[in-house]
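Participant: Protein chains in written order, with the numbering used here: chain E, 1 to 331; chain Z, 332 to 662. Sharing a structure here in structure tokens format.
2 protein chains.
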Amino acid sequence: MHAKAVALTTRPEGMPTIEDFQIVDIDVPEPQAGQIQVKNLSMSVDPYMRGRMIDRKSYVPPFQIGEVLTGGCIGQVTKSASPEFKEGDYVSSMFGWREAFTESAEGVKRLGDIVAPASQYLGALGMPGMTAYAGLLEVGALKNGETVFVSGAAGAVGSIVGQIAKLKGCTVIGSAGSDEKVALLTTELGFDHAFNYNNGSILGHLKALAPGGLDVYFDNVGAEHLQAAIMSMRPFGRIALCGAIATYNDTAPRPGPNNLSMAIGLGLTLRGFIVNHFDHLADQFRSDMEGWVTSGQIVTKETVYNGIDQAPEAFIGLFKGSNTGKMIVNF
Amino acid sequence: MHAKAVALTTRPEGMPTIEDFQIVDIDVPEPQAGQIQVKNLSMSVDPYMRGRMIDRKSYVPPFQIGEVLTGGCIGQVTKSASPEFKEGDYVSSMFGWREAFTESAEGVKRLGDIVAPASQYLGALGMPGMTAYAGLLEVGALKNGETVFVSGAAGAVGSIVGQIAKLKGCTVIGSAGSDEKVALLTTELGFDHAFNYNNGSILGHLKALAPGGLDVYFDNVGAEHLQAAIMSMRPFGRIALCGAIATYNDTAPRPGPNNLSMAIGLGLTLRGFIVNHFDHLADQFRSDMEGWVTSGQIVTKETVYNGIDQAPEAFIGLFKGSNTGKMIVNF
Chain E
1 MHAKAVALTT
11 RPEGMPTIED
21 FQIVDIDVPE
31 PQAGQIQVKN
41 LSMSVDPYMR
51 GRMIDRKSYV
61 PPFQIGEVLT
71 GGCIGQVTKS
81 ASPEFKEGDY
91 VSSMFGWREA
101 FTESAEGVKR
111 LGDIVAPASQ
121 YLGALGMPGM
131 TAYAGLLEVG
141 ALKNGETVFV
151 SGAAGAVGSI
161 VGQIAKLKGC
171 TVIGSAGSDE
181 KVALLTTELG
191 FDHAFNYNNG
201 SILGHLKALA
211 PGGLDVYFDN
221 VGAEHLQAAI
231 MSMRPFGRIA
241 LCGAIATYND
251 TAPRPGPNNL
261 SMAIGLGLTL
271 RGFIVNHFDH
281 LADQFRSDME
291 GWVTSGQIVT
301 KETVYNGIDQ
311 APEAFIGLFK
321 GSNTGKMIVN
331 F
Chain Z
332 MHAKAVALTT
342 RPEGMPTIED
352 FQIVDIDVPE
362 PQAGQIQVKN
372 LSMSVDPYMR
382 GRMIDRKSYV
392 PPFQIGEVLT
402 GGCIGQVTKS
412 ASPEFKEGDY
422 VSSMFGWREA
432 FTESAEGVKR
442 LGDIVAPASQ
452 YLGALGMPGM
462 TAYAGLLEVG
472 ALKNGETVFV
482 SGAAGAVGSI
492 VGQIAKLKGC
502 TVIGSAGSDE
512 KVALLTTELG
522 FDHAFNYNNG
532 SILGHLKALA
542 PGGLDVYFDN
552 VGAEHLQAAI
562 MSMRPFGRIA
572 LCGAIATYND
582 TAPRPGPNNL
592 SMAIGLGLTL
602 RGFIVNHFDH
612 LADQFRSDME
622 GWVTSGQIVT
632 KETVYNGIDQ
642 APEAFIGLFK
652 GSNTGKMIVN
662 F
């Protein structure tokens, strides 16, 4: 069997372009002993992948030119030569950016019973949801009733961060890049306040919307957002450093916040993390989040592109604010 | 009775100068009911005082022009109208920058039995020692056997940080501003490695001296030191943000570290603190530190100026690297 996949042709300089990617044909052979053949249903594009397109040492090794990209995906087993899987099983793996694959069963995780559309296991019920959950509750050490600010709040992670904080009785402020997204936050997603970061100074918005200051800032954006949040923190506030999408296409190092020393007098904690640091919480997360999603307490939003040919455009869209909620490519 | 004191005449711009200070005569009256009269023996000059000379909101209110400065000091009660104090008691207070004072006993703390020269209760056995202790063990969450870097390592705080870390079985690297100080660190104070930060790149020194990376960085200096340390941290490393003396005389905000987002993948924690956040550890600190100092396990260094007239020069010297260990003015 053959399938289409996406390879990296050139390392992007600044904003990625369609020309940095190429659709290629790959072989998807019959599974040998211990292998399974999987047809992907949905693949994820995520901001962190931009970092892997740079040839540098990082927490995940860089993508290689000419090779098929990898990333989160959900599929169904079509043929199994592994005792652990049978045809029709829903599986989660990192063999995204391709319509199908045959690989050792060891690199693939069975999803078991799913309680929502499969693609949501790439969003609220998957890596971004777990990132929100661990980042807010563990890294941010959220306490009931606190004031929380999340940037990129209409995105895959931010939209879940804000809703979990609301479930914990917090006052929640979100920033997003368009008036439409801002409206979504305060209506459908239940945020207390939201603002458009392309309209006015971020610090000005925070002063107006959180005059008493912030206890927790969940940072998906970095740059001006981070500096304004530091300026707005209450004593002993916590900043969960999750991402810095504003800087991912920078071609030179960007200076950091000029007010970091405010952390001294205020006793602030800034703590970086990636979701893998919290694998021990995976079962608890899935149980909690499936409950919240199926009961409607957490609303899940998706922006869907259809077909593998659209995957590069979906990825590039992440940096142009094209997505509301999780950006997904369905096959 | 009259005494000499130091008032602030102008708010320093950049590096403070002698002209920013004035020696004034103050009245030290007979104590009324509830008051005590104290003759100071030693006063402290500390880098944090530079921040109080700026007219801005901070964790301590700014000094006022024309008024006598305040700061840590050790004295002896000369007359008491309080049942809680008697003549000869050693006391600690914030009524420094003056030879003597009469104040309500409530603002003064009895030192009790002292096991070292009084001035050391302004250094290793006082605020700087407590800063080192709480910052390293609580904020830095030091574990035995880790690799620790402390900047400003020949100063009042840094010299104690490094020695506590050695007591905890750590590998300790220090930076200081002269070859003489560097030599002191690796000989008398027992550091494993030290370098002169005025000679070569800080990052280069760290790569050479800690090729396996740092678990804890205790930051007294900020600026280039902080950026180089972030670049050198091991996964899940901790940075205790204690001070940023390199920036205290800045006249405009200075950009922060351009690599702060490295904290994400590495799971780093940066946590600011001031010593007052750890008042609950004061008894434990004094007991531990008196033990270490009297047994010789911790060596205490002082740079001493004599007479209140020298206090402004001692203070300015903090920013010129004039001190090794605690900078003290004895009367």
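Virtual Cβ for every residue (Gly too), placed ideally from N, Cα, C.
Quick one: using the 10 Å Cβ neighbour count with 16 as the cut-off for buried, is Z/P542 buried or exposed?
Facilitator: Position 211 of the second sequence, counted from the start, is the residue given in the question as residue 542 of chain Z. Exposed is the call here.
Participant: Using DSSP's beta-bridge definition, name the partner residues of E/K39.
Facilitator: Here residue 39 of chain E refers to the residue found at position 39 when the first sequence is read from its first residue. The partner list for E/K39 (beta bridge, DSSP) reads E/Q76, E/A100.
Participant: Would you mind telling me which residues of chain E sit closer than 7 Å to Z/A575, beta carbon to beta carbon, in chain order?
Facilitator: Here the question's residue 575 of chain Z lines up with position 244 in the second sequence. Near Z/A575 (Cβ distances below 7 Å), the residues of chain E are S261.
Participant: Using a Cβ cut-off of 9 Å (strictly closer), state whether E/P257 contacts chain Z.
Facilitator: Stepping through the first sequence from its first residue, residue 257 of chain E is reached at position 257. Taking Cβ atoms only, chain Z reaches closer than 9 Å to E/P257, which makes this a yes.
Participant: Span of the beta strand (DSSP E) holding Z/E350?
Facilitator: Within the second sequence, residue 350 of chain Z is the residue found at index 19, counting from 1. Neither: Z/E350 is in no beta strand (DSSP E) and is coded neither H nor E.
Participant: Could you tell me whether any Cβ in chain E is nearer than 9 Å to the Cβ of Z/R585?
Facilitator: Working through the second sequence from its first residue, we reach residue 585 of chain Z at position 254. At least one chain E Cβ lies under 9 Å of Z/R585.
Participant: Excluding the 5 residues flanking E/E84 on each side, which residues of the same chain have their C-beta closer than 6 Å to its C-beta?
Facilitator: Here residue 84 of chain E is taken as the residue at index 84 of the first sequence, counted from 1. Taken in chain order, the residues that qualify are A105.
Participant: With a cut-off of 9 Å, does the C-beta of Z/Y390 fall near any C-beta of chain E?
Facilitator: In the second sequence, counting from the first residue as 1, residue 390 of chain Z sits at position 59. Taking Cβ atoms only, chain E reaches closer than 9 Å to Z/Y390, which makes this a yes.
Participant: Quick check: E/Y217 and E/S201, are their CB atoms within less than 9 Å of each other?
Facilitator: One-based indexing of the first sequence puts residue 217 of chain E at position 217. One-based indexing of the first sequence puts residue 201 of chain E at position 201. Going by C-beta atoms, E/Y217 is not nearer than 9 Å to E/S201.
Participant: At a CB distance below 7 Å, what residues from the stretch 539-570 of chain Z approach chain E? Give them in sequence order.
Facilitator: G553
Participant: Any beta-carbon of chain E closer than 9 Å to the one on Z/H672?
Facilitator: For chain Z, the structure presents residues 332 to 662; residue 672 of chain Z sits outside this window and is missing.
Participant: Counting only C-beta atoms, is E/T269 closer than 9 Å to chain Z at any point?
Facilitator: Position 269 of the first sequence, counted from the start, is the residue given in the question as residue 269 of chain E. Chain Z, which has a Cβ nearer than 9 Å to the Cβ of E/T269, makes this yes.
Participant: What are the boundary residues of the beta strand (DSSP E) that includes E/M233?
Facilitator: Counting from 1 along the first sequence, the entry for residue 233 of chain E is found at position 233. 233-241 is the span of the beta strand (DSSP E), which, as asked, contains E/M233.
Participant: Between the C-alpha atoms of E/D219 and Z/K632, what's the straight-line distance to the nearest angstrom?
Facilitator: For the purposes of this step, residue 219 of chain E is identified with residue 219 of the first sequence, where counting begins at 1. For the purposes of this step, residue 632 of chain Z is identified with residue 301 of the second sequence, where counting begins at 1. So the alpha carbons of these two residues sit roughly 43 Å apart.
Participant: What does the alpha-carbon distance come out to for the pair Z/I354 and Z/N580?
Facilitator: Taking the second sequence and counting its residues from 1, one reaches residue 354 of chain Z at position 23. Taking the second sequence and counting its residues from 1, one reaches residue 580 of chain Z at position 249. Approximately 23 Å, taken between the alpha carbons.
Participant: Is DSSP giving Z/L599 helix, strand or coil here?
Facilitator: Position 268 of the second sequence, counted from the first residue, corresponds to residue 599 of chain Z. Z/L599 falls in the coil class under three-state DSSP.
Participant: What residues from chain E crowd round Z/I605, counting only those whose CB sits closer than 8 Å?
Facilitator: Reading the second sequence from its first residue, position 274 is the one you call residue 605 of chain Z. Under the 8 Å cutoff, chain E gives I264, G265, G267.
Participant: Counting only the same chain and skipping the five closest in sequence on each side, list residues whose C-beta sits under 6 Å from that of Z/S464.
Facilitator: Position 133 of the second sequence holds residue 464 of chain Z. First, the residue type needs correcting, since residue 464 of chain Z is Tyr and not Ser in the sequence shown. Result list for Z/Y464: F616, in chain order.
Participant: With H, G and I counted as helix, E and B as strand and the rest as coil, what does DSSP make of Z/N661?
Facilitator: Within the second sequence, numbered from 1, the residue matching residue 661 of chain Z stands at position 330. DSSP places Z/N661 in strand when its eight states are reduced to three.
Participant: Please name the residue or residues paired with Z/T517 in a DSSP beta bridge.
Facilitator: Looking up residue 517 of chain Z in the second sequence gives position 186. DSSP, once it has assigned bridges, lists no residue as partnering Z/T517.
Participant: CA-CA distance, E/I230 and Z/A575?
Facilitator: As a first step, residue 230 of chain E is located in the first sequence; it is residue number 230 there, counting from the start. As a first step, residue 575 of chain Z is located in the second sequence; it is residue number 244 there, counting from the start. Rounded to the nearest angstrom, the two C-alpha atoms are 16 Å apart.
Participant: List the residues of chain E whose Cβ lies closer than 8 Å to the Cβ of Z/L572, in chain order.
Facilitator: In the second sequence, counting from the first residue as 1, residue 572 of chain Z sits at position 241. Under the 8 Å cutoff, chain E gives L260, S261, A263, I264.
Participant: For E/T251, return the contacting residues in chain Z, with the cut-off set at a CB-CB distance below 9 Å.
Facilitator: Start at 1 with the first residue of the first sequence, and residue 251 of chain E comes out as number 251. In chain order: nothing, as chain Z lies at least about 13 Å away.
Participant: Cβ of E/H205 less than 9 Å from any chain Z Cβ?
Facilitator: Residue mapping note: residue 205 of chain E aligns to position 205 of the first sequence, counting from 1. No - not a single Cβ of chain Z is within 9 Å of the one on E/H205.
Participant: Quick check: the Cα distance between E/A183 and E/A194, rounded to an integer number of angstroms?
Facilitator: Locating residue 183 of chain E in the first sequence gives position 183, where the first residue counts as 1. Locating residue 194 of chain E in the first sequence gives position 194, where the first residue counts as 1. C-alpha separation (whole angstroms): 8 Å.
Participant: Between the C-alpha atoms of Z/G427 and Z/L456, what's the straight-line distance to the nearest angstrom?
Facilitator: For the purposes of this step, residue 427 of chain Z is taken as the residue at position 96 of the second sequence. For the purposes of this step, residue 456 of chain Z is taken as the residue at position 125 of the second sequence. The C-alpha of Z/L456 is placed about 17 Å away from the C-alpha of Z/G427.
Participant: Judging by CA-CA distance, which residue of Z/V606, Z/L601, Z/A484 is the nearest neighbour of Z/D510?
Facilitator: By one-based count along the second sequence, residue 510 of chain Z stands at place 179. Nearest C-alpha to Z/D510: Z/A484.
Participant: Between Z/T578 and chain E, is the shortest Cβ-Cβ distance under 9 Å, so that the two count as touching?
Facilitator: Counting from 1 along the second sequence, the entry for residue 578 of chain Z is found at position 247. Taking Cβ atoms only, chain E reaches closer than 9 Å to Z/T578, which makes this a yes.
Participant: Is the shortest distance between the beta-carbon of Z/H524 and the beta-carbons of chain E less than 9 Å?
Facilitator: Within the second sequence, residue 524 of chain Z is the residue found at index 193, counting from 1. No - not a single Cβ of chain E is within 9 Å of the one on Z/H524.
Participant: DSSP beta-bridge partners for Z/E633?
Facilitator: To locate residue 633 of chain Z, count along the second sequence from 1; it is residue 302. In the DSSP output, where bridge partners are listed per residue, Z/E633 has Z/K657.
Participant: Using only the alpha-carbon positions, how far apart do Z/T433 and Z/V422 sit?
Facilitator: Counted from its first residue, the second sequence places residue 433 of chain Z at position 102. Counted from its first residue, the second sequence places residue 422 of chain Z at position 91. Approximately 13 Å, taken between the alpha carbons.
Participant: Exposed or buried, which one is E/K326 when buried takes at least 16 other CB atoms within 10 Å?
Facilitator: The residue labelled residue 326 of chain E in the question sits at position 326 within the first sequence. Buried, since its Cβ has 16 or more Cβ neighbours within 10 Å.
Participant: Looking at chain E, is there any beta carbon in it that lies within less than 9 Å of the beta carbon of Z/H608?
Facilitator: In the second sequence, the residue the question calls residue 608 of chain Z occupies position 277. Output row for Z/H608: interface = yes.
Participant: Return yes when the Cβ of Z/R569 is within less than 9 Å of the Cβ of Z/A496, no when it is not.
Facilitator: For this step, residue 496 of chain Z is matched to residue 165 along the second sequence. For this step, residue 569 of chain Z is matched to residue 238 along the second sequence. No, they are not a contact pair.
Participant: For Z/K410, which residues in the same chain have their Cβ closer than 6 Å to its Cβ, ignoring the five residues on either side in sequence?
Facilitator: Residue 410 of chain Z sits at position 79 when you count from the first residue of the second sequence. Hits under 6 Å: P362, Q368.
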